[in-house]
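Here is the structure we will look at, set down as structure tokens.
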Amino acid sequence: QYRLVSTGSSEIRYIQRLLNRKYESMIGLAPCDGLYGREMNRNLIIMLQATLGLTADGAFGNQTKAACPTLPDDMGKLSAMAAKDLTSLVRYALRCNGYEADIYSDGWDVPLADKIRVFQDDLKLRVTGKADIDTWMSLLLSKGNPDRACTACDTRFEITSSRAAELKSKGYNTVGRYLTGTDFKVLRDDEPRRILQNGLNFFPIFQESSTSASYFTDKRGKRDAKNAVKAARRFGIPEGNVLYFAVDLDATSAQITKYVLPYFKALSESIDPLFLIGIYVTRNVCAQVCEAGYAVTCFVSDMSTGYSGNMGFKIPSNWNFDQYAEISMETTVDGDWAIDKDAYSGRYDPVKALEDYIYVQPPKPAIPAIPAIPTIADVIPLIKKLEELYVEWYTQRYATEENPDPYFSSTILAAGVTNFLRSIAYTSMIWIVGLLSEINNDYIGFVQEKSQEEGSYHNLYDDLSIYMRIDGQVLISDGSKGVIDLKHMAATAEAYFKLTSVPNSWVGWAGDLTSSMKDVEDELRENGGDCQSVADAFVGGIGTQFAYEDMCGDADAIKNRPTGFGIGIARTLVFLGSY
């Protein structure tokens with residue numbers, strides 16, 4: 009920590025050693041490796057506080073802000089030594105922010121004033137050539153003075169008419185809003201037009217990522233490019249506007265190389281060239297992505313003052329928005345809300361008009377129509393006959409002279425019947441070996457024989473098989489909104505009666521939901537789209553792995569669990585009425 013590292017600066021190391029010599033009692037013995045970071049930033053603030061005679065804690069609070077002088081000290085309010093130390097500090101801070109200032113001088117001169125003017129212009133501060141409060145705070149904190157005025161902001165809250173009026177009254181003319189995301193933060197269908205009609209402009213932000221670097225892959229980049237443009241067109245955002253893609257984390261050098269750059273490369277190669285790419289992230293990442301040619305401008309997350317990607321890095325020369333403070337707003341007609349204050353450079357226009365379009369609400373997944381016949385009342389008598397035959401078969405199969413009345417429980421009866429009802433569709437090895445028991449072909453043959461005889465069981469097998477087969481299967485209505493897939497419900501119910509190798513829900517709702525999750529992920533990866541819309545189509549949709557009738561069947565199987573199958577299926581009349 010006390011040697012100049014290969015990526016360090018000898019000038020930064022000179023400043024570090026000087027701080028140790030003069031302020032060791034306050035800062036301890038700090039590293040002298042030539043790297044500007046959190047600890048050195050704190051030590052510069054301690055130098056400021058110590059020179060001003062304040063409590064030197066390294067936190068730039070209200071007391072420090074109030075005591076900051078303007079340099080040069082034309083009014084003679086400072087001692088000669090304090091003026092020299094503070095002038096040196098301005099030079100140190102400029103160097104730490106990436107500006108070539110003479111750190112070996114402690115006097116105020118024209119080159120220093122010119123360098124400050126460049127710094128002020130770069131950050132769109134008032135250009136004075138003096139170290140005023142806005143300049144001091146921007147030198148020592150990436151967010152700068154949170155109280156400085158600006159004309160732009162961004163927010164996760166919907167811009168209603170009352171909120172737009174408050175923004176206008178406080179001098180804001182541009183607001184950033186989200187193209188996609190949760191129902192809470194995303195633009196409402198009519199919100200872009202409402203924003204413009206209330207005299208504001210807006211800029212679109214795309215953020216579906218988490219705070220994990222692993223989100224940013226080339227596959228995600230290709231998908232997000234399509235989804236962002238799709239959302240922009242849906243809201244009527246004209247071509248030629250910038251879409252800002254968010255990277256909401258303090259990415260390290262390794263993460264930038266492995267994740268962020270490949271993501272933006274894929275993004276730039278996949279996006280409709282009629283739209284422009286912007287990036288929201290720290291200064292360092294913004295600069296690297298823009299220098300690589302993957303984005304034309306950036307929205308800098310300077311509010312995160314502790315991020316390593318902000319400390320010691322100049323704000324990129326092509327920045328367009330600079331986020332620096334979160335504040336609560338006063339209008340509460342539509343509930344409490346807040347904004348992030350954003351400086352605006354004016355390099356790229358926000359959205360000032362919309363393309364004419366008619367928003368069409370995506371259709372909701374269709375629920376299968378309830379068939380007129382058959383109903384659950386038509387099937388229950390067949391199930392009861394099947395139970396009667398199982399009792400007869402079981403007695404013949406297991407009765408002996410010593411035990412003419414073998415033990416028989418409702419669970420044995422239920423499992424026997426469910427085994428029969430899933431005997432056509434659920435017969436693969438995964439069901440027989442991995443999850444459920446083998447198909448009881450002896451009992452099936454017994455039912456087929458009885459079905460050929462005249463009497464009450466005549467054609468029973470054929471009458472039931474229409475509900476058991478895969479192709480041409482007949483669903484059952486409960487007379488209300490429930491739709492029953494008998495074979496699916498039977499397999500799931502049997503798992504609740506007998507399965508012990510894995511949690512029984514994996515044969516029912518958990519397994520079906522997992523299959524749907526995979527379908528949704530595959531669809532998003534291959535064709536893109538909004539996650540919620542795709543999930544709506546695949547969970548409960550017609551012909552999907554978790555169709556509406558499967559939902560009902562999985563729920564019925566749980567209801568059937570405590571009792572015999574015939575009694576359980578009758579009770580679904582009540583259960584599905586509430587479902």
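For the sequence shown, the positions run 9 to 587 when our numbering is used.
Beta carbons are placed, not taken as given, at the ideal position from N, Cα and C, and that holds for glycine.
Owing to the predicted nature of the structure, the values given are computational and were not obtained by experimental measurement.
Relative to I447, the option among Y332, T59, A433 and A259 whose CA is nearest is A433.
Take D520, set aside five residues on each side of it, and the residues of its chain with a beta-carbon closer than 7 Å to its own are Q553, F554, D558 and D562, in chain order. With 16 or more other Cβ atoms inside 10 Å of its own Cβ, G490 counts as buried. W116 is not bridged by DSSP to any residue.
In this structure, DSSP gives G184 an extended state, which the three-state scheme calls strand. Between the C-alpha atoms of D530 and F272 there is a straight-line separation of about 22 Å. For Q404, the number of other beta carbons within 10 angstroms of its own is below 16, and it is reported as exposed. For the pair L390 and D564, the Cα-to-Cα distance works out to about 18 Å.
Looking at the backbone, the Cα of S488 and that of D470 are separated by about 26 Å.
Across the structure, D41 and V341 are spaced so that their CA atoms are roughly 54 Å apart.
Annotated three-state conformation of K123 is helix, per DSSP. Comparing C-alpha distances from G189 to each of F224, R202 and N235 shows the shortest one belongs to N235. Membership of K30 in any beta strand (DSSP E) is not indicated; the residue belongs instead to the alpha helix (DSSP H) covering S18 to I35. Of all C-beta pairs linking the region 143–160 to the region 344–356, three or more are shorter than 8 Å, placing the two stretches in contact. Between the region 289–301 and the region 239–249, the count of Cβ pairs shorter than 8 Å is below three; the stretches do not touch. Looking only at I335, T225, I285 and A300, the smallest Cα-Cα distance to P270 is reached by T225.
The DSSP-derived three-state label of F211 is strand.
A direct Cα-Cα distance of roughly 41 Å separates T95 from R185.
The alpha-carbon separation between G152 and D544 amounts to approximately 45 Å.
Distance from the CA atom of Q456 to the CA atom of S524, rounded to whole angstroms, is 37 Å.
Judged by beta-carbon spacing, A501 lies within the 9 Å limit of T426, meaning their Cβ atoms are closer than that value. Cβ contact annotation for I20 (same chain, cutoff 6 Å, sequence separation greater than five): G42 and Y44, in chain order. Using a Cβ-Cβ distance cut-off of 8 Å, the region 312–324 and the region 169–183 are not in contact, since fewer than three pairs of beta carbons, one from each stretch, lie closer than that value. Distances from the CA of R196 to each of N209, R164 and G36 were compared; the closest alpha carbon is that of R164.
If you compare the alpha carbons of C298, G301 and L147 with that of C104, the shortest gap goes to L147. Distances from the CA of D117 to each of F214, D450 and D81 were compared; the closest alpha carbon is that of D81.
Exclusion of the five residues before and after Y406 leaves P414 as the residues of its chain whose Cβ lies within less than 6 Å of its Cβ. Within its own chain, the residues whose Cβ lies closer than 8 Å to the Cβ of A385, once the five positions on either side in sequence are excluded, are G487, listed in chain order.
Residues of the same chain with a CB within less than 7 Å of the CB of I54, apart from the 5 flanking positions on each side, are Y31, M34, I35, A64 and G66 in chain order.
A direct Cα-Cα distance of roughly 14 Å separates E338 from T168.
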